[in-house]
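K.L.:
In this text, residue positions in the sequence shown follow the working numbering: the first is -13, and each later residue adds one.
All C-beta atoms, glycine included, are put in the ideal place defined by N, C-alpha and C.
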Amino acid sequence: MSKKIKRSNEATEIKNGIRDQLTYIKNSCKLFDSGYKEEAIRIGGAINVLLENRPRSNSQGLLRRITSPIQLLSSISSKQNINTERLLVLKNKNISEVKHKIELLKEDIKLKKQFLLSFILDSNEWYFFAFDNEHNEISCLLSNLINHLNLKRGGKLLIGNWVNLYTNDDKTIQPIGKRIVIQHLNALLNHDAEYITGLYFPMIDSIFDPKAPILSNSETRFVDISCWLDEIIFSIMDDTREYHLLTRKELIDSARDQDGGGHYDLQLDIMGYYKSKYGEKIMEENGKDITTANFHLIMLRQLGYEILNSPSINEAL
């Protein structure tokens, strides 16, 4: 094997590489808006170069190689009409104490479709309790929640990231954080379809026109790279009433690894990506089926918008 040659000035090369990827994203966004929708796959490829994290292959995105903290724009609106009282936030000394509290509140939680989060002081971690839409109890450490979910609904989601991001020093959770956490838990546990039909759709001028320009009318919200990648951006219910979810990371990875960004597979692993590419019927309008076909391209374009409108990237350069 030939010896690898180290770059002459690594820090400068990394920053130049970031500038190059931003230029690629900007150019592809312009082409997309001019009608070349396939450019969305290139947008995803450039974002992957900036953000990927593959420890096994020692592959790390360019933005992960700089010391400046990076905050990325999330243009998913946190729904203002979500009842934040559905998220109960407690503090308890230990797991025994929180389980006792759960027994007292259980029936109320079930009736009101609430989610309970309790910060355990002894172990410095969150405990979660709720019922899924089939009235099965889910009671576990928040870090173990993924083990209690139907993985067909989506990949590994780090809900704890969202909880910690909006947690105050006194272990209360900010209102915007409550709305976002409730949105994600609604999706994961198959609650309240009206909140999660497609979390990106409000940012599109017309959700039924894939030629529509990408707009952002949501509140300005910036989050770290991990939270940004793990946020659910698409959710659709099929005719069997099964929800299929998609995170930004799953969208980027699927486009890169299986749909032509860096490789092409004859099979797709993520059902949420499949539904956003080939379509699931949303409604009928004037005798015509309205589906989610090609929404994967619209969402990749939206990712480009978010990257290009994240000031901390340019500030780091």
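Give the straight-line distance between the Cα atoms of residue 287 and residue 47, rounded to the nearest whole angstrom.
P.N.:
Using only the alpha carbons, I get a separation of about 19 Å.
K.L.:
Please classify residue 360: does DSSP put it in a helix, a strand, or coil?
P.N.:
In this structure the chain extends from -13 to 303, so residue 360 is not present and cannot be described.
K.L.:
So, for residue 125: in the same chain, excluding its five sequence neighbours on each side, which residues have a beta-carbon less than 6 Å away from its beta-carbon?
P.N.:
Result list for residue 125: 115, in chain order.
K.L.:
What does the Cβ neighbour count give for residue 165, buried or exposed, with the cut at 16 atoms within 10 Å?
P.N.:
The residue in question, residue 165, is buried, as its Cβ has 16 or more Cβ neighbours within 10 Å.
K.L.:
Looking at C-alpha atoms only, which residue of 233, 220 and 221 is the closest neighbour of residue 212?
P.N.:
Cα-wise, what sits closest to residue 212 is 233.
K.L.:
Along the alpha helix (DSSP H) that carries residue 82, what are the first and last residues, could you check?
P.N.:
It spans 81 to 98 - the alpha helix (DSSP H) in which residue 82 sits, taken as one unbroken run.
K.L.:
Name the one or two DSSP bridge partners that residue 160 has.
P.N.:
Residue 160 pairs with nothing; no bridge assigned.
K.L.:
If you compare alpha carbons, which of -7, 7, 104 and 69 is closest to residue 49?
P.N.:
Selected option, being the one with the closest Cα: 7.
K.L.:
Could you pull the DSSP bridge partners for residue 46 from this structure?
P.N.:
Paired residues: 39.
K.L.:
According to DSSP, is residue 12 helix, strand or coil?
P.N.:
Note: residue 12 maps to helix in three-state DSSP.
K.L.:
Going by CA-CA distance only, name the one from 237, 258, 279 and 301 that's closest to residue 29.
P.N.:
Cα-wise, what sits closest to residue 29 is 237.
K.L.:
Taking the C-alpha atoms as reference points, what is the distance between residue 196 and residue 19?
P.N.:
Caution is warranted here: a pLDDT of 45 is assigned to residue 196, below 50, making its placement in the model unreliable, and no coordinate value can be reported.
K.L.:
By the three-class DSSP mapping on this structure, what secondary structure does residue 291 have?
P.N.:
Correct three-state label for residue 291: helix.
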